[in-house]
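*Asks:* For reference, the structure I am asking about is given below.
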Amino acid sequence: MPNSTHSVGVVSAQRAQFDTPLSFRSGAVLPCYELVYETYGALNSDKSNAILVCHALSGHHHVAGYYADDTSNVGWWDTMIGPGKPIDTNKFFVIGLNNLGGCHGSTGPSSTNPETGKPYGASFPVVTVEDWVESQARLADLLGIKQFAAVMGGSLGGMQALQWSLSYPERVRHVLAIATAPRLTAQNIAFNDVARNAILTDPDFHGGNFYEHGVVPTRGLRLARMLGHITYLSDDAMADKFGRELLSGKLSYGYGIEFEIESYLRYQGDKFAAYFDANTYLLMTKALDYFDPAREYNDDLDKAFAVARANFLVLSFTTDWRFSPERSRAIVHALLHNRLNVSYGEITSTHGHDSFLMQHTHYHEVMRAYLNNVSREFAA
Amino acid sequence: MSTYDHSSLAAVRPDFAAIAAWIPQGASVLDLGCGDGSLLRYLKDTRKVRGYGVEIDDLNIVACIQNGVNVIQGDLESGLSGFESDAFDFVILSQTLQATRHTEPLMQEMLRVGHEGIVSFPNFGYWQNRLNVLRGNMPVSKGLPYQWYDTPNVHLCTLHDFETFCNDHRICILERRVMTGDSEIRLLPNLLGSTAVYRFQRAL
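Written as structure tokens, this is what we have:
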């Protein structure tokens, strides 16, 4: 395939302003807000070829391509999206956005509250997956998209894709839910809580209003990211990549950085803490914890999906222990019980939860095959 | 798709046509070990079934999706616990029975999940197979294309064996079709038939 390595090329972010107040699940109301987004490919005449890509915890709107002034800044799912790639931009119009509460340009805790002239900080509402879907639907309205060909995402992004089928059953034809879960397990919430505690107890956090103190809770963010990173990798992947390799080749009998894995985690932690907003991290992990469509149906996931009308592709990865295949199968069973169209693939991969972001031949073939079918619905 | 040729497919797999003949329009179907999804595709196009396949092999998952049929990746041997009781009109096991390890529980599971079961399998009692064994060799043929050392077929049986099995397991056979190639065999089926297709339900 001559186009398979092609990039969507130079992209630029767009900004949409919303002045209709948005009511959150929590009861909070945001009078106005902005969302930043990018689009790739062309919207067809009847606006039936749109795909919404929802991002995970640390993701954003820059999903594919690169910026003219920063060509090394390649989108986080560039391997998947482009001309001739599984999400083929010769066929689809692809939208990536930064979620509300994010820290990459959409209104979030670090944005200035127009009412006070200061950053929202701790006053920014806790956002749920349902709230995000609501805000994404408004972006779709703005772009004139009545129904998405597909909504998709991995991890927390997969939760948003699932929620689309529940909040707007008629507005999404296909849902691709990758490495996700119908709700977090207690263990998963526990990991998030430790990460939040790292941030909340950092003296530089200042109850979420650290901006006005001119500091950043770097230590907390770094620890949160280090913990998260451990859970996104598999034991085997870590063993393969780092083993017990020592930086200097010998033991130093101290508490400095000795093992390769320590060095790697600190590097990842520092990198993350340098750009990610602590309040956004708290907010994203809470959204993960709260997502539970079965909750209002007496924990009956079958009943929760009774309103869904979409066709589904559910994918999991064998070594993903943070969002294990078993969690994906629970989604599949609920869809089966509702007699919805669903295909399920369990991808053999050594990369743990991070697999969904990786280049993987079989994973990409499954995506390509499914999306080819989706594209036939409007090409015909 | 118009490019899909059903007549040639039915010629290659005569058991497909036999299975389809038993399935009413719009029935719900679960195809266990569905391979590349050809049967489901055939039933979807000719019988408008609402169906799902279960398949373990990666390449077949892609092929099923390309065929436009629902497929759930999983291992039949670990049961059908994700499927509700009486969820399907038909549960099909096409040319897979002989390759299942836990054949007894799987047959019971088929009739828990479906109202009726359909199986097709190569008849080990077919005269050519018998002749091979008589000559002192395991049969290798179009219907049994494997060498003894690399065959997935761990539970080969004859028509008699299968019928005895059903009788012993309170399974009621509703219909049987025996074929060699695409011609139906009525005379001495356990000797002259190379492939058997059965439709069955729980004995009352």
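Quick note, the sequences are listed as chains P and S, same order.
FYI, the numbering used here numbers position 363 of the first sequence as 367, with every residue one higher than the one before it.
FYI, the numbering used here numbers position 192 of the second sequence as 295, with every residue one higher than the one before it.
Heads up, the beta-carbon is just placed ideally off N, CA and C, and yes, glycines get one too.
Any C-beta of chain S sitting closer than 7 Å to the C-beta of H364/P?
*Replies:* no
*Asks:* May I ask you to list, following chain order, the residues of the region 178 to 197 of chain S that have a beta carbon less than 7 Å from some beta carbon of chain P?
*Replies:* Cβ contacts with chain P: G185, F186 and E187.
*Asks:* If distances are taken between C-alpha atoms only, which option among L277/S, C275/S and T261/S comes closest to S297/S?
*Replies:* T261/S
*Asks:* Closest to S110/P by C-alpha separation, out of H66/P, Q151/P and V78/P, would be which residue?
*Replies:* The shortest C-alpha to C-alpha distance from S110/P to any of H66/P, Q151/P and V78/P is the one to H66/P.
*Asks:* Across which residues does DSSP place N173/S in a beta bridge pair?
*Replies:* Y155/S
*Asks:* Quick one: residues in its chain with C-beta nearer than 6 Å to the C-beta of S332/P, no 5 flanking neighbours on either side, listed in chain order?
*Replies:* V318 and S320
*Asks:* Label K95/P either buried or exposed according to how many other C-beta atoms from any shown protein chain fall within 10 Å of its C-beta, with 16 as the threshold for buried.
*Replies:* So K95/P ends up on the buried side.
*Asks:* Just reading off the beta strand (DSSP E) that P186/P is part of, what are its end residues?
*Replies:* Where P186/P is concerned, there is no enclosing beta strand (DSSP E), because DSSP gives it neither an H nor an E.
*Asks:* Along the chain, where does the alpha helix (DSSP H) that runs through I265/P open and close?
*Replies:* For I265/P, the enclosing alpha helix (DSSP H) begins and ends at E264 to Y279.
*Asks:* At a CB distance below 8 Å, what residues from the region 322 to 346 of chain P approach chain S? Give them in sequence order.
*Replies:* R333, V336, H337, L340, H341, R343, N345 and V346
*Asks:* Between the beta-carbon of G158/P and the beta-carbon of F360/P, is there less than 7 Å?
*Replies:* yes
*Asks:* Kindly confirm or deny that the region 163 to 175 of chain P and the region 191 to 209 of chain P touch, where touching means at least three C-beta pairs closer than 8 Å.
*Replies:* No contact exists between the region 163 to 175 of chain P and the region 191 to 209 of chain P.
*Asks:* Take G217/S and list the residues in its own chain whose beta-carbon comes closer than 7 Å to its own, dropping the five residues that flank it on each side.
*Replies:* L133, F191, D192, F193 and V194
*Asks:* Are the beta-carbon atoms belonging to V15/P and G69/P less than 7 Å from one another?
*Replies:* Between V15/P and G69/P, the C-beta spacing is below 7 Å.
*Asks:* Check whether the Cβ atoms of G162/P and L237/P sit closer than 7 Å, and answer yes or no.
*Replies:* no
*Asks:* Looking at C-alpha atoms only, which residue of G246/S, G171/S, V281/S and P242/S is the closest neighbour of H263/S?
*Replies:* V281/S
*Asks:* Listing by chain order, which chain P residues have their CB less than 7 Å from the CB of L169/S?
*Replies:* Checking the displayed sequence, the identity of residue 169/S turns out to be Gln instead of Leu. Correct list: A373.
*Asks:* Pull up the CB-CB distance for R153/S and S188/S, whole angstroms please, since I reckon it's below 8 Å.
*Replies:* Actually they are not in contact, since the Cβ atoms of R153/S and S188/S sit about 17 Å apart, beyond 8 Å.
*Asks:* May I have a chain-ordered list of the alpha helix (DSSP H) segments no shorter than 4 residues that lie completely inside the region 156 to 241 of chain S?
*Replies:* 161 to 169, 206 to 216 and 230 to 238
*Asks:* Are the Cβ atoms of G105/P and G112/P separated by less than 7 Å?
*Replies:* Between G105/P and G112/P, the CB-CB gap stays under 7 Å.
*Asks:* Quick one, are the C-beta atoms of S27/P and D281/P less than 7 Å apart?
*Replies:* no
*Asks:* Roughly how many angstroms lie between the CA atoms of L295/S and S347/P, to the nearest whole one?
*Replies:* 40 Å
*Asks:* Might you give, ordered along the chain, the residues of its own chain that have their beta carbon closer than 7 Å to the beta carbon of H366/P, omitting 5 neighbours on each side?
*Replies:* For H366/P, where only same-chain residues beyond five positions count, the Cβ hits under 7 Å are I351.
*Asks:* Less than 7 Å separating the beta-carbons of N283/P and N315/P?
*Replies:* no
*Asks:* In whole angstroms, give me the CA-to-CA distance for S52/P and F382/P.
*Replies:* 7 Å
*Asks:* Please return the same chain residues whose Cβ sits closer than 6 Å to the Cβ of V12/P, not counting the five positions on each side in sequence.
*Replies:* Around V12/P: Y44, A68, G69, G86 and T93.
*Asks:* For the alpha helix (DSSP H) that T235/P lies in, which residues bound it at each end?
*Replies:* Boundaries of the alpha helix (DSSP H) around T235/P: T222 to Y236.
*Asks:* Considering Cα atoms alone, identify which of T203/S, Y229/S and R289/S is closest to V222/S.
*Replies:* T203/S
*Asks:* Would you check whether the ligand GDP has a heavy atom nearer than 6 Å to the C-beta of D145/P?
*Replies:* Of the ligands one can find in the structure shown there are none, so the ligand GDP has no counterpart to examine.
*Asks:* Give me the Cβ distance between Y285/P and A228/P, rounded to the nearest whole Å; I'm assuming they're in contact under 8 Å.
*Replies:* 6 Å
*Asks:* Comparing the C-beta of I126/S with each C-beta of chain P, is any distance below 7 Å?
*Replies:* Not one chain P Cβ lies under 7 Å of I126/S.
*Asks:* When we look at the beta-carbon of D118/S and count the other beta-carbons within 10 Å, is it buried (16 or more) or exposed?
*Replies:* buried
*Asks:* Check whether the Cβ of G349/P lies closer than 7 Å to any Cβ atom in chain S.
*Replies:* yes
*Asks:* Hey, would you say Y215/P sits closer than 7 Å to P123/P, going by beta carbons?
*Replies:* Contact flag set, yes.
*Asks:* On a CA-only basis, which of R380/P, V370/P, S328/P and R299/P is nearest M84/P? Give me that one, please.
*Replies:* Of the listed residues, the one whose Cα sits closest to M84/P is V370/P.
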